[in-house]
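Student: Dropping a structure here in structure tokens format, bear with me for questions.
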Amino acid sequence: MSQPDFSHDGIRTARGKAFRYLFMLCALLSILTTVAIILTLLVDAVDFFAEVSLGEFLTGTRWSPTNEPVAFGVLPLISGTLVITVGSALVALPIGLLTAIYLSEYASERRRAYLKPALEVLAGVPTVVYGYFALVYVTPALDTFLPLSTFNALSASIMVGIMIIPMVSSISEDAMSAVPDSLRQASYGLGATKFTVSTSVVVPAAVSGIFSSFILALSRAIGETMIVAIAAGQTPRLIDVTDPAGLFLNSIQTMTAAMVQIGTGDIVGQGEAYKSLFAVGLTLFVITFAMNLVSELVASRYREEYR
Amino acid sequence: MATDTPTETDFGQVSRTKDVAFRLLALGATLIGIVSLAALLANVAVDAVGWLNWGFLTSPPHPDPYEAGFLPALVGSIAIMLLIALITFPVGVGAAVYLEEYADDGLLTRFIQLNIANLAGVPSVVYGLLGLGLFVGLLGFGYGTVLAAAFTVALLILPIVIISAQEAIRAVPDSQRQASYGMGATKWQTIRNVVLPRAMPGIMTGTILALGRAIGETAPLIMIAAPTTVFGIPNSLESKVSAMPLQIYTWASYPETEFQYGVVAAGVVTLLVVLLTINSIAIVIRNRYQQRT
Numbered sequence: 405m406s407q408p409d410f411s412h413d414g415i416r417t418a419r420g421k422a423f424r425y426l427f428m429l430c431a432l433l434s435i436l437t438t439v440a441i442i443l444t445l446l447v448d449a450v451d452f453f454a455e456v457s458l459g460e461f462l463t464g465t466r467w468s469p470t471n472e473p474v475a476f477g478v479l480p481l482i483s484g485t486l487v488i489t490v491g492s493a494l495v496a497l498p499i500g501l502l503t504a505i506y507l508s509e510y511a512s513e514r515r516r517a518y519l520k521p522a523l524e525v526l527a528g529v530p531t532v533v534y535g536y537f538a539l540v541y542v543t544p545a546l547d548t549f550l551p552l553s554t555f556n557a558l559s560a561s562i563m564v565g566i567m568i569i570p571m572v573s574s575i576s577e578d579a580m581s582a583v584p585d586s587l588r589q590a591s592y593g594l595g596a597t598k599f600t601v602s603t604s605v606v607v608p609a610a611v612s613g614i615f616s617s618f619i620l621a622l623s624r625a626i627g628e629t630m631i632v633a634i635a636a637g638q639t640p641r642l643i644d645v646t647d648p649a650g651l652f653l654n655s656i657q658t659m660t661a662a663m664v665q666i667g668t669g670d671i672v673g674q675g676e677a678y679k680s681l682f683a684v685g686l687t688l689f690v691i692t693f694a695m696n697l698v699s700e701l702v703a704s705r706y707r708e709e710y711r
Numbered sequence: 006m007a008t009d010t011p012t013e014t015d016f017g018q019v020s021r022t023k024d025v026a027f028r029l030l031a032l033g034a035t036l037i038g039i040v041s042l043a044a045l046l047a048n049v050a051v052d053a054v055g056w057l058n059w060g061f062l063t064s065p066p067h068p069d070p071y072e073a074g075f076l077p078a079l080v081g082s083i084a085i086m087l088l089i090a091l092i093t094f095p096v097g098v099g100a101a102v103y104l105e106e107y108a109d110d111g112l113l114t115r116f117i118q119l120n121i122a123n124l125a126g127v128p129s130v131v132y133g134l135l136g137l138g139l140f141v142g143l144l145g146f147g148y149g150t151v152l153a154a155a156f157t158v159a160l161l162i163l164p165i166v167i168i169s170a171q172e173a174i175r176a177v178p179d180s181q182r183q184a185s186y187g188m189g190a191t192k193w194q195t196i197r198n199v200v201l202p203r204a205m206p207g208i209m210t211g212t213i214l215a216l217g218r219a220i221g222e223t224a225p226l227i228m229i230a231a232p233t234t235v236f237g238i239p240n241s242l243e244s245k246v247s248a249m250p251l252q253i254y255t256w257a258s259y260p261e262t263e264f265q266y267g268v269v270a271a272g273v274v275t276l277l278v279v280l281l282t283i284n285s286i287a288i289v290i291r292n293r294y295q296q297r298t
């Protein structure tokens, strides 16, 4: 929205121009940040891949960066991340979707004014606090009726799930609120109940927004660090298809937790373990960046539809 | 047809029951997260009783749980946060002003916008690696210093600050800009005298909420090798610094029950109280602004 500038005062115009470029620089800083992230990760990751082959990294089934014999197979970490992602999705996606339906279709204006900020608190609690909750309260509570290890994927998944509920619910609710009322009225006119309108009209009409919120929430679960570092433990473990329950009951290690483990160790300098940090970081960045991009693209589609 | 009185069919009954059941199910789902968080908070508050006292807030950490204190972490967190505010506020507002007031709707603008949205979703641990590579490695700010910590977390919350500042600027009615131009003001004068003052409460609210997010960040600090336990309070930008979440993370790994259920609980409550205070300030600013308009 450019405005005609009728000022003929040279100094004022020059100053205006100077501010314009200063502000532009601030905006370009965000692109610089992305470039810096990619370069930082790439430089050390390339160093790492000079010593450990890319094939070994991507297909190796053992992760042991510091203990002899050292091995840098990322698959156990990816499968640990997958366990947490699936576990937290089982918690957050149904709850988040139902919450969005309630807020958008059932809740009164007044009730929504209380519930929405209350839900947003969930995303604002520091993740280290959630990690502590999982370790000290959730695990002992579940341990009374499940054969749990002290560190386990189940408590961590539940906590990550609770943390990402608002991400699912608020974006899904936005999408549902954007569904034109005429669609609802048409359905009511045919004699449908609110249940039918919600599940057969509103949800399908808002499906791209809902889908986008799911992807974004899962991406957040993949990148979540402190909850899994505290509560899920440090045991890199490949998925064992014969014992899926065991995965949740025992300690696992995610990509992020492995990074924290190396980061808190006294490995400073240029060793392979230090550089593996950047290789794992790059893997994590590529996965989450792709997911965020897909979510953004899917979301921008529904924004067009109902305008 | 008029003589037919509508009777309750079995089908109608079933669909009504289903409707009510679904309503309750949705309400229940909405409350699950809130209720479980409330229960956990109640637990931690009860555990903190007796541990959270003046001695805890004014002492350095100690291996004996009864002597352990939170002061260096508390001061460290606040120092980092103030520096983050100094970095993110001007840059974030500048970027938002450019995107909302100057930029045309071209490819570059859309690319910047998409990039900012993506940056907001980059895992915090990756920002830690950026800090390690850029601020500690390339620029030599030193492992775990106030400077390195503040710049790293500042980059992390910058996208959030920009996005919320953009929303605040967008909410300023266009008629006010037109009125300013009508009086012969230049674009910069309009932004400085009309747009920014009107958008400032919204910008402040967004920035303060983002700072609340910054104070809870742990993983980036671990990545730039911030010491997990510091015994003195930071006295320069090059001091090694710890922070509340980092100290909590360290204590949570201690095996003694006094630490697990006492000291850490006191730390968690302190962190949450600081966070709550910050968020309340943001809400007060927002409410005062809403009353005036």
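Just so you know, the sequences run in chain order L and Y.
Read left to right, the first sequence gives residues 405 to 711 (this note's numbering).
Read left to right, the second sequence gives residues 6 to 298 (this note's numbering).
Glycine is no exception: its CB is placed at the ideal position from the N, C-alpha and C atoms.
Here the structure is a predicted model, which is why all the values come from computation and not from measurement.
1) Hey, is R711/L's beta-carbon within less than 8 Å of any beta-carbon in chain Y?
2) Roughly how many angstroms lie between the CA atoms of G99/Y and D578/L, to the nearest whole one?
3) For T150/Y, does the three-state DSSP call read helix, strand or coil?
4) By a C-beta neighbour count over all protein chains shown, 10 Å radius and 16 as the cutoff for buried, is Y132/Y buried or exposed?
5) On a Cα-Cα basis, can you pick out the residue from L681/L, V529/L and S699/L that is closest to V450/L?
6) When the cut-off is 8 Å and only beta carbons count, does V269/Y lie next to chain L?
7) DSSP on S468/L, reduced to helix/strand/coil?
8) Just mark T282/Y as buried or exposed, buried being the case when its beta carbon has 16 or more other beta carbons within 10 Å.
9) Leaving aside the five residues before and after G565/L along the sequence, list all residues of the same chain whose C-beta is less than 6 Å from its C-beta, in chain order.
10) Any C-beta of chain L sitting closer than 8 Å to the C-beta of M6/Y?
11) Could you name the residues that DSSP lists as bridge partners for K245/Y?
12) Judging by CA-CA distance, which residue of M249/Y, D110/Y, P206/Y and T262/Y is the nearest neighbour of L62/Y?
13) Per the DSSP calculation, R475/L is bridged to which residue(s)?
14) Starting from the C-beta of R624/L, find all residues in its chain whose C-beta is less than 7 Å away, skip the five residues before and the five after it, and write them out in chain order.
15) What are the start and end residues of each continuous alpha helix (DSSP H) run of 4 or more residues lying completely inside the stretch 438-466 of chain L, in chain order?
16) Looking at chain Y, is there any beta carbon in it that lies within less than 8 Å of the beta carbon of D451/L?
17) Measure the Cβ-Cβ separation of L479/L and T463/L and say whether it is below 8 Å.
18) Is T298/Y close to chain L? Criterion is C-beta to C-beta, closer than 8 Å.
19) So is D69/Y buried or exposed if we call it buried at 16+ other beta carbons inside 10 Å?
20) If you draw a straight line from the C-alpha of I117/Y to the C-alpha of S704/L, how long is it?
21) With a floor of 4 residues, list each alpha helix (DSSP H) that falls wholly inside the stretch 151-175 of chain Y, ordered by position along the chain.
22) What residues in its chain sit with their C-beta under 7 Å from that of I92/Y, if we drop five residues either side in the sequence?
23) Quick one: list the residues of chain L neighbouring W193/Y, beta-carbon separation under 7 Å, in chain order.
24) Return the residues of the stretch 155-178 of chain Y that lie within a Cβ-Cβ distance of less than 9 Å from chain L, sorted by chain order.
25) Can you name the residues of chain L whose CB is closer than 7 Å to the CB of G38/Y?
26) Anything in chain Y within Cβ reach of M580/L, meaning under 7 Å, just list it in chain order.
27) For T93/Y, would you say it is in contact with chain L, using Cβ-to-Cβ distances shorter than 8 Å as the test?
28) Buried or exposed for T22/Y, going by 16 or more other Cβ atoms inside 10 Å?
Tutor: Taking the geometry as given:
1) At R711/L the pLDDT is 48, less than 50, meaning the model places this residue with poor confidence; the figure from the coordinates comes in the next sentence. With a threshold of 8 Å between beta carbons, R711/L makes no contact with chain Y.
2) 28 Å
3) T150/Y falls in the strand class under three-state DSSP.
4) buried
5) L681/L
6) yes
7) strand
8) exposed
9) S492, V495 and A496
10) Since pLDDT at M6/Y reaches only 42, below the 50 mark, its modelled position is unreliable, and no value is offered.
11) T150/Y
12) M249/Y
13) Note on residue identity: the sequence assigns Ala, not Arg, to residue 475/L. According to DSSP, A475/L bridges with S468/L.
14) I568 and M571
15) 458-463
16) Using a Cβ-Cβ cut-off of 8 Å, D451/L does not count as an interface residue toward chain Y, since no Cβ of chain Y sits closer than that to its own.
17) yes
18) Unreliable placement is indicated for T298/Y, whose pLDDT of 49 sits below 50; the coordinate value is still reported in the next sentence. No, its Cβ sits nowhere closer than 8 Å to a Cβ of chain L.
19) Counting of Cβ neighbours within 10 angstroms places D69/Y among the exposed residues, the total staying below 16.
20) Looking at the two C-alpha atoms, the distance is approximately 15 Å.
21) 151-175
22) A155, F156 and A159.
23) R419, G420 and F423
24) L160, L163, P164 and I167
25) I499, L523, L526, I566 and I569
26) Within chain Y, no residue comes near M580/L; the closest Cβ sits about 12 Å away, beyond 7 Å.
27) Using beta-carbon distances, T93/Y does not count as an interface residue toward chain L, since no partner is under 8 Å.
28) exposed
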